[in-house]
Amino acid sequence: PVERIELAISGMTCAACSARVEKKLNALVGVQEATVNLATGRATVKYIPGLTEPTEVRKAVENLGYGANWVQ
Ligand code: 9UX
Numbered sequence: 069p070v071e072r073i074e075l076a077i078s079g080m081t082c083a084a085c086s087a088r089v090e091k092k093l094n095a096l097v098g099v100q101e102a103t104v105n106l107a108t109g110r111a112t113v114k115y116i117p118g119l120t121e122p123t124e125v126r127k128a129v130e131n132l133g134y135g136a137n138w139v140q
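If you're matching positions, the sequence shown starts at 69 in full-length UniProt numbering and goes up one per residue.
The structure is reproduced here in structure tokens:
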């Protein structure tokens, strides 16, 4: 079954930022669908456990230079 996580992303100031993060997340192995909302700063990521995990998703965002925190 697919799992879903939400991240609060900081440092995104323009639409190119959110598009960049969204593209990166969708390119991760195991991610089924990722959407990033610039206005709310939230990313919703559906992923397949075993192929990737929340820590990897968060790291991918941080590696782009943005902040990422868990949202529940
Ligand atoms: Mo525009 Mo977003 O230069 O970093 S891509 S602010």
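From the three backbone atoms N, C-alpha and C, an ideal C-beta is built for every residue, glycine too. Here the structure is a predicted model, which is why all the values come from computation and not from measurement.
Practice task
Verify whether the separation of the beta carbon atoms of P122 and I73 is less than 7 angstroms.
Solution key: As a working note, residue 122 is residue 54 in the sequence shown. As a working note, residue 73 is residue 5 in the sequence shown. Yes, Cβ-Cβ distance for P122 and I73 is below 7 angstroms.
Practice task
Determine the direct distance from the alpha carbon of R126 to that of W138, and round the result to whole angstroms.
Solution key: Residue numbering aside, residue 138 sits at position 70 when the sequence shown is read from its first letter. Residue numbering aside, residue 126 sits at position 58 when the sequence shown is read from its first letter. The straight-line gap from Cα to Cα measures roughly 8 angstroms.
Exercise for the section: Classify T123 as helix, strand or coil using the three-state DSSP reduction. Expected result: Locating residue 123 in the sequence shown gives position 55, counting from the first residue. Looking at T123 - three-state DSSP - the assignment turns out to be helix.
Problem - Span of the alpha helix (DSSP H) around A87 - result: Taking the sequence shown and counting its residues from 1, the one referred to as residue 87 is at position 19. Taken as a continuous stretch (DSSP letters only), the alpha helix (DSSP H) holding A87 covers A83 to N94.
Exercise for the section: Evaluate A111 with the Cβ neighbour count: other Cβ atoms within 10 Å of its Cβ, from every protein chain shown; 16 or more gives buried, anything less gives exposed. Expected result: The count along the sequence shown starts at 1 and reaches residue 111 at position 43. By the 10 Å Cβ count, A111 comes out buried.
Handout entry: heavy atom of the ligand 9UX below 6 angstroms from T108 C-beta
Key = Counting from 1 along the sequence shown, the entry for residue 108 is found at position 40. Checking the Cβ of T108 against the ligand 9UX gives no.
Problem - Beta-carbon spacing of V99, L106 below 7 angstroms - result: Start at 1 with the first residue of the sequence shown, and residue 99 comes out as number 31. Start at 1 with the first residue of the sequence shown, and residue 106 comes out as number 38. No, the Cβ-Cβ distance between V99 and L106 is not below 7 angstroms.
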